[in-house]
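Input: a single structure, listed below in structure tokens.
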Amino acid sequence: MSKQQTQKPGICYLVGAGPGDPGLLTLRAKECLEMADVVVYDYLCNSEILNHAPQTAERIYAGKKAADHAIAQDQLNSLLVKLSAEGKTVVRLKGGDPFVFGRGGEEAQELHDAGVPFEIVPGISSSIAGPAYAGIPVTHRDHCSQLTIFTGHEDPEKEESVIDYGRIGNVSGTKVMLMGVGQLENVSGKMLEGGANPEMPVALVRWATTGGQQTLIGKLDDISSRAQRAGFKAPAVAVFGDVVNLRPALNWFERRPLFGKRIVVTRTRSQAGALSVRLRNLGADVDELPTIRIEKPDDLEGFGRLVQDAHKYAWIVFTSPNGVDAFFDLFFKLYSDARAIGGVRIAAIGPGTANKVKERHLAVDLLPDEYVAEGLLNKIIEGESIQNEMFLLVRPSEARDVISKGLTEAGAIVDEAIAYKTVAEADDPTGAAGRFEEEGADVITFTSSSTVEHFLEMELPLPENLIIASIGPVTSMALSAAGLDVDIEAKESNIPGLVAAIEAYYEQLR
Ligand code: SAH
-19 MSKQQTQKPG ICYLVGAGPG DPGLLTLRAK ECLEMADVVV YDYLCNSEIL NHAPQTAERI
41 YAGKKAADHA IAQDQLNSLL VKLSAEGKTV VRLKGGDPFV FGRGGEEAQE LHDAGVPFEI
101 VPGISSSIAG PAYAGIPVTH RDHCSQLTIF TGHEDPEKEE SVIDYGRIGN VSGTKVMLMG
161 VGQLENVSGK MLEGGANPEM PVALVRWATT GGQQTLIGKL DDISSRAQRA GFKAPAVAVF
221 GDVVNLRPAL NWFERRPLFG KRIVVTRTRS QAGALSVRLR NLGADVDELP TIRIEKPDDL
281 EGFGRLVQDA HKYAWIVFTS PNGVDAFFDL FFKLYSDARA IGGVRIAAIG PGTANKVKER
341 HLAVDLLPDE YVAEGLLNKI IEGESIQNEM FLLVRPSEAR DVISKGLTEA GAIVDEAIAY
401 KTVAEADDPT GAAGRFEEEG ADVITFTSSS TVEHFLEMEL PLPENLIIAS IGPVTSMALS
461 AAGLDVDIEA KESNIPGLVA AIEAYYEQLR
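Going by this note's numbering, the sequence shown runs without a break in its numbering and finishes at 490.
Rendered as structure tokens:
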């Protein structure tokens, strides 16, 4: 029997990715992505959403920037059928909702015809979320009780337009147009010809729900010329109706402190989230461009032996959150009882590292006032004598030797446990490096000297006026050494400190 015959057919999930804000993904969509063998995604899908798929999942870009179809629709349909029939779990990720002008209906029909199991995961449509993020409720008891969603761009193969824009202009209530920026003159013209009110308020919302959102307001008789003057381009949703007048009061999104600022996060992919979420909460347009990746140390066995003997030490010193994770992941593989750690005391370099220790339900006995190696060393030395005390220093393979040298000089016996190594991140599935090169950014953040070092190795051109933000003095030193001026330095060397410093920087400019 051939392999084909023994194989169970896979499944194709037609999944809505939401309008752009990665937080507007449904829990079901995330579940499907986590199960995916293959993700086939569109131009309008926020690339960060792809991070929910396993690293090993194949990612196929289906394109769709109006003209440049990376894959034609019929080929795409056959691709979905083929991949699913091979037994794979396929996620077809589509912008917004798959059944709202998303051709999800056609893809589902193809799958049905081919006998491939499929499921639909609705998403938040840009037709509703786009206006909402511009402070426009699509329905409102005082203004309208009817909502019409239409397209400004029909199937180009259709000979004659079947959409009667003149009539749509006269329908009461709110009208939302997708795919219509290029057709605005035609559409608004037909609405006016049909007798629609020229004073009807209109809003265009571009790249809605992302940090790059732009909104343009006008009236039915001038929105097209305004859009042309402003060079307003796709993708945008257009909202026609009185609800647009609610925007001045309800425009919550564009008023956030970091709105409109593109900020690059260079931490590892797995750690970027904590920083990205905080920046996004303040309205920033965050681009994750991981420069480094954490890997197992070269001498994993040696590390294992030291972890196994951890209870023999007077102190364990952690110099990074990654070190804590590497240590305890291994520790709890070796021991099933937390008491196996014995009576050791624990020192952490800063609050981020301390929090990781606390997550393992262990207390931190020592935290310096200054969250750098020197601060930690001084705090230990200024306490009781450490003469002949055994220290286990948990550290990355590449690090300054301030702590081990200082402790040894003070008479301690120091063993160094190399817990992990930091290597350059070569993978860029979201295309962040290209975006940085082409579109630049307002701020770039560095959270360790290794992010600086590996960013520089990428040799990306730095846009003019790029603001450089550093998490603390050691990272700043690495930047200065590379000839880069540090514009923002966190007062507290941790993620909340860095975010606060960026916010304060823009606050003071206002
Ligand atoms: N299924 C999608 C719509 C796909 S049609 C949904 O439910 O949202 C593509 C059109 O959607 C674009 O031309 C644009 O009009 C609109 N669109 C999608 N995402 C958008 C966004 N983030 N901002 C503004 N318009 C968007």
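We put the CB at the ideal spot given by N, CA and C, even for glycine.
Secondary structure note for phenylalanine 98: its beta strand (DSSP E) is the uninterrupted segment 98 to 101.
Per DSSP, the continuous alpha helix (DSSP H) segment holding proline 331 begins and ends at 331 to 339. With a cutoff of 6 Å, leucine 30 does not count as near ligand 1, since its C-beta is closer than that to no heavy atom of the ligand. Lysine -12 carries a coil assignment under DSSP once its states are collapsed to helix, strand and coil.
For threonine 131, the enclosing beta strand (DSSP E) starts and ends at 127 to 131.
Taking a cut-off of 8 Å on C-beta distances, the region 455 to 462 does not touch the region 437 to 445, as fewer than three cross pairs fall below it. Taking one beta carbon from each stretch, the region 411 to 431 and the region 471 to 484 have 3 or more pairs nearer than 8 Å; the two touch. Excluding sequence positions up to five before and after arginine 83, its CB lies within less than 7 Å of the CB of Gln53, all in the same chain and listed in chain order. Phenylalanine 81 has its CB nearer than 6 Å to a heavy atom of ligand 1. The beta carbon of isoleucine 398 sits closer than 8 Å to those of Pro277, Asp278, Asp279, Gly282, Phe283, Arg375, Pro376, Ser377, all from its chain and outside the five residues before and after it, given in chain order. Annotated three-state conformation of proline 178 is coil, per DSSP. In this structure, alanine 109 keeps its C-beta atom at 7 Å or more from the C-beta atom of methionine 157.
Cα atoms of leucine 372 and alanine 290: separation of roughly 7 Å, rounded to the nearest angstrom. Secondary structure of tyrosine -7 (DSSP, three-state): strand.
Taking the C-beta atoms as reference points, valine 18 is found nearer than 7 Å to leucine 63. Given a length threshold of 3 residues, each whole run of the beta strand (DSSP E) inside the region 36 to 115 is given here in chain order: 38 to 43, 69 to 74, 98 to 101. Glycine 132 and leucine 200 have their alpha carbons spaced roughly 15 Å apart.
With respect to alanine 183, valine 118 sits apart: the two C-beta atoms are not nearer than 7 Å.
Pairing proline 215 with tryptophan 187, the inter-Cα distance amounts to about 6 Å.
Looking at Asp381, Phe233, Thr431, Ile393, the one whose alpha-carbon comes closest to that of methionine 370 is Ile393. For valine 324, there is no enclosing beta strand (DSSP E), as DSSP gives it neither H nor E. A straight-line Cα-Cα distance of about 36 Å links glycine 67 and alanine 254.
About 7 Å separates the CB atoms of serine 450 and isoleucine 468; that is less than 8 Å, so the two are in contact.
Contact check for serine 106 against glycine 76 passes: the beta carbons are separated by less than 7 Å. Going by C-alpha positions, aspartate 349 is about 24 Å away from arginine 258.
With a cut-off of 8 Å on Cβ pairs, the region 333 to 344 is not in contact with the region 357 to 367, counting fewer than three such pairs. A contact is defined here as three or more CB-CB pairs under 8 Å, and the region 230 to 243 meets this definition with respect to the region 257 to 272. If you look at arginine 258, you'll find it in the alpha helix (DSSP H) that goes 249 to 261. Annotation for alanine 207: Val161, Leu164, Leu184, Leu196, Gly198 place their beta carbon closer than 8 Å to its own, counting only its chain and skipping 5 residues before and after. In the three-state scheme derived from DSSP, where H, G and I count as helix and E and B as strand, aspartate 305 is classed as helix.
If you draw a 10 Å sphere on the C-beta of asparagine 302, you find 16 or more other C-beta atoms in it, and that means buried. In the DSSP annotation of this structure, lysine 471 is not part of any beta strand (DSSP E), being labelled neither H nor E. Beta-carbon to beta-carbon, isoleucine 274 and isoleucine 296 are separated by about 19 Å, too far to satisfy the 8 Å threshold. If one requires a minimum length of 4 residues, the alpha helix (DSSP H) runs lying completely within the region 430 to 470 are 453 to 461, in chain order. Between valine 61 and leucine 4, the alpha-carbon positions lie close to 28 Å from each other.
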